[in-house]
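Visitor: Shown below is the structure under consideration.
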Amino acid sequence: MASRIEDSGGLSPEGTERLLKLLAGRPRRLSFAEIDGRTVWIKRFDAETAPVATRLHAAVSPLLPFRFLRASPHVDAEGSAERETRKAARFAAAGFPVPAILWRGGAVVVFSEVVEIAEPMLDRLRGHDPVRHDELLVELAAALGRAHAAGLCHGRPHPRDMFRRADGAWGFLDFEEEPEAAMPLACAQARDVWLLFLHLVGWAQADHTVAAAFAAWRAEAPAGVVPELGRIMSLFSVLLPGLKFLRPLGLGKDGRRLLEGTSFLRGALRAPPDASPAVAAGKPKPHRIGTRT
Ligand SMILES: Nc1ncnc2c1ncn2[C@@H]1O[C@H](COP(=O)(O)OP(=O)(O)O)[C@@H](O)[C@H]1O
Ligand SMILES: [Mg+2]
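Listed below in structure tokens is the structure:
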């Protein structure tokens, strides 16, 4: 893949002046504006302090017995901006589309706009083209596998943080997490897979799609990630009977995702790598008709 950034130009002097005026008004954490005749996205990492739970997680992380549960190392607002730009640059250097960084100052980063973000594309397709909808899910999983094969870890992959460039290549945005700095890379990549699949199981319209997505990730990703994923699944499998028991009483969105995603991945890891999607998919899932969790 050629190394290419979406848009390599920075802001003009007039654009920079306009940006500084906007920043003086202390915009929200994430906003967009028209500057130099185009839409730019402004991310201010100093607009909100991390929630208490996040800070607590970072504080107790070194003590956690399971390394994949560790938080990304805690950094201040400027450190978060630096992390976002550094990780975006690594993805770009490996040939993945990322929004161009047009300006950076302290805790503020300004990005070019990317248009074809996966989540709204999926929302549009869901009602009238479920086949294409599910094909996109498989493409997202394959893209994550390619990123892993390139030695990268996203940290919190989600369809709202993936986009398709005009040439069809899938790219990423939102690089605020850095689990690979808190655990071995393969473990952080396994965590990526787990997080993405917690979403995909709720979105897929057809029963075989999630297995096809997993096969697509696996075909691209380094083999060393699979045993790490197995370790994550063994730990969470302990929770499955309890979650299954609670399901009829109502688990809430997150509990349902955890149950379905973990059950799926556990089954998929038990199936041989070349099993057909239907075999690897395990039991059919009765709950999806045009909605996602
Ligand atoms: N450069 C961009 N171009 C287009 N949309 C963007 C851009 N940056 C952010 N967004 C939109 O805003 C959402 C949230 O931005 P993100 O960087 O992921 O922040 P958060 O940490 O709040 O998730 C993204 O999922 C995307 O829909
Ligand atoms: Mg995001």
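At the far end of the sequence shown sits residue 292, using numbering that gives the first Met the number 0, and the numbering has no gaps.
Glycine included, each C-beta is placed from N, C-alpha and C at the ideal position.
Keep in mind that this is a model prediction, so the values were computed, not measured.
1. Touch check for the region 144-164 and the region 173-189: three-plus C-beta pairs under 8 Å?
2. Hey, out of Ala210, Phe196, Val224 and Ala220, whose CA is closest to Thr261's CA?
3. CB of Leu153 to nearest heavy atom of ligand 2: below 8 Å?
4. Would you say the beta carbon of Leu172 comes nearer than 8 Å to a heavy atom of ligand 1?
5. Applying the criterion that 16 or more other CB atoms from any shown protein chain within 10 Å of the CB defines a buried residue, is Glu16 buried or exposed?
6. Please name the residue in Glu259, Ala93, Val108 and Gly229 whose C-alpha comes closest to that of Trp169.
7. Does the beta-carbon of Asp191, which I'm using as the reference point, lie nearer than 8 Å to any heavy atom of ligand 1?
8. Given a cut-off of 9 Å, decide if Ala212 and Ala165 are closer than it, judged by their beta-carbon atoms.
9. Along the chain, where does the alpha helix (DSSP H) containing Val192 start, and where does it finish?
10. Along the chain, where does the alpha helix (DSSP H) containing Leu234 start, and where does it finish?
11. Grab me the residues of Arg103's own chain with a C-beta within less than 8 Å of its C-beta, minus the 5 sequence neighbours each way, in chain order.
12. Give the DSSP-derived three-state secondary structure of Val113 in the structure shown.
13. Would Asp45 pass as a contact of Gly105 if the rule is Cβ separation under 9 Å?
14. Closest to Arg229 by C-alpha separation, out of Asp253, Ala203, Arg255 and Gly266, would be which residue?
15. Please state the DSSP three-state secondary structure of Gly104.
16. If you draw a straight line from the alpha carbon of Asp35 to that of Val113, how long is it in whole angstroms?
17. Give me the Cα-Cα distance between Leu29 and Ile231, rounded to the nearest whole angstrom.
18. Ligand 1 heavy atoms versus the CB of Pro98: any closer than 8 Å?
19. Could you tell me if Arg163 is buried or exposed, where buried requires 16 or more neighbouring beta carbons within 10 angstroms of its beta carbon?
20. DSSP three-state label for Arg37, please.
21. Within the present structure, is the beta-carbon of His132 separated from the nearest heavy atom of ligand 2 by less than 8 Å?
22. Could you name the residues that DSSP lists as bridge partners for Ala32?
Guide: Looking at the coordinates:
1. yes
2. For the purposes of this step, residue 261 is taken as residue 262 along the sequence shown, with counting starting at 1. The shortest Cα separation from Thr261 among Ala210, Phe196, Val224 and Ala220 belongs to Phe196.
3. Taking the first residue of the sequence shown as 1, we reach residue 153 at position 154. What sits at residue 153 in the sequence shown is His, not Leu. Distances from the CB of His153 to the heavy atoms of ligand 2 are all 8 Å or more.
4. On the sequence shown, position 173 is the one that residue 172 refers to. Leu172 Cβ: within cutoff of ligand 1.
5. Within the sequence shown, residue 16 is the residue found at index 17, counting from 1. With fewer than 16 Cβ atoms within 10 Å of its Cβ, Glu16 is classed as exposed.
6. The residue you call residue 169 lines up with position 170 of the sequence shown. The option with the nearest alpha carbon to Trp169 is Ala93.
7. Within the sequence shown, the letter at position 192 stands for residue 191. The answer is no for Asp191.
8. Taking the sequence shown and counting its residues from 1, the one referred to as residue 165 is at position 166. Taking the sequence shown and counting its residues from 1, the one referred to as residue 212 is at position 213. Cβ distance not < 9 Å, so Ala165 and Ala212 don't count as in contact.
9. In the sequence shown, residue 192 corresponds to position 193, counting from 1. Segment Leu184 to Trp202, the alpha helix (DSSP H) holding Val192.
10. Stepping through the sequence shown from its first residue, residue 234 is reached at position 235. Counting along the chain, the alpha helix (DSSP H) containing Leu234 begins and ends at Val224 to Ser236.
11. Residue numbering aside, residue 103 sits at position 104 when the sequence shown is read from its first letter. Answer for Arg103: Ala80, Thr84 and Val109, listed in chain order.
12. Position 114 of the sequence shown holds residue 113. Note: Val113 maps to coil in three-state DSSP.
13. Taking the first residue of the sequence shown as position 1, residue 45 is located at position 46. Taking the first residue of the sequence shown as position 1, residue 105 is located at position 106. Taking 9 Å as the Cβ cut-off, Asp45 and Gly105 qualify as a contacting pair.
14. Indexing the sequence shown from 1 puts residue 229 at position 230. A small correction: the amino acid at residue 229 is Gly; Arg does not occupy that position in the sequence shown. The option with the nearest alpha carbon to Gly229 is Gly266.
15. Working through the sequence shown from its first residue, we reach residue 104 at position 105. It is a strand residue.
16. Reading the sequence shown from its first residue, position 36 is the one you call residue 35. Reading the sequence shown from its first residue, position 114 is the one you call residue 113. Answer to the nearest angstrom: the Cα atoms are 16 Å apart.
17. Counted from its first residue, the sequence shown places residue 29 at position 30. Counted from its first residue, the sequence shown places residue 231 at position 232. Answer to the nearest angstrom: the Cα atoms are 33 Å apart.
18. As a working note, residue 98 is residue 99 in the sequence shown. Yes.
19. Indexing the sequence shown from 1 puts residue 163 at position 164. So Arg163 ends up on the buried side.
20. Locating residue 37 in the sequence shown gives position 38, where the first residue counts as 1. The answer is strand: DSSP assigns Arg37 an E or B state.
21. As a working note, residue 132 is residue 133 in the sequence shown. Relative to ligand 2, the beta carbon of His132 is positioned no closer than 8 Å to any heavy atom.
22. Reading the sequence shown from its first residue, position 33 is the one you call residue 32. According to DSSP, which records beta bridges pairwise, Ala32 is partnered with Val39.
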